[in-house]
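Numbering (full-length UniProt numbering), first residue to last: 1 to 93. Glycine residues also receive a C-beta, built at the ideal position from the N, C-alpha and C atoms. Let me begin by presenting the structure, written as structure tokens, before commenting on it.
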């Protein structure tokens with residue numbers, strides 16, 4: 001069965017999400033930005049969500065995690081919770 005390991009940063013606005021993505025592209029550490037800015041409890045762990053399978057996350061998030069290249073930051077991804085930056089760190093198809 002497919003599974004993925006991912007981390008994310010959840011913020012309230014698309015503008016905040018784009019600002020953080022630019023910082024990551026310029027060399028800032030994803031985990032440190034998650035700790036400082038994420039509105040999700042996972043932010044305390046650098047945004048780590050652990051291992052999960054298809055259908056365990058909301059649809060928009062799930063679609064990105066199970067299609068995006070491993071190791072590339074994706075987003076903004078809009079869900080009912082806000083805007084996410086997502087990085088798949090490992091996936092088994």
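Local Cβ density within 10 Å of residue i, reported as buried at 16 or more and exposed below that
i	result
residue 69	exposed
residue 1	exposed
residue 59	exposed
residue 92	exposed
residue 4	buried
Top-ranked residue by Cα proximity to residue i, from the options
i	options	result
residue 9	79, 43, 51 and 92	43
residue 34	89, 78 and 84	84
residue 52	12, 90 and 11	90
residue 27	73, 88, 80 and 38	73
residue 6	78, 71 and 79	71
Residue i versus residue j - alpha carbon distance
i	j	result
residue 46	residue 29	9 Å
residue 14	residue 76	6 Å
residue 25	residue 37	16 Å
residue 81	residue 23	22 Å
residue 79	residue 17	13 Å
residue 11	residue 54	23 Å
residue 31	residue 56	22 Å
DSSP-derived helix/strand/coil call for residue i
i	result
residue 38	coil
residue 74	strand
residue 64	helix
residue 13	coil
residue 31	helix
residue 2	coil
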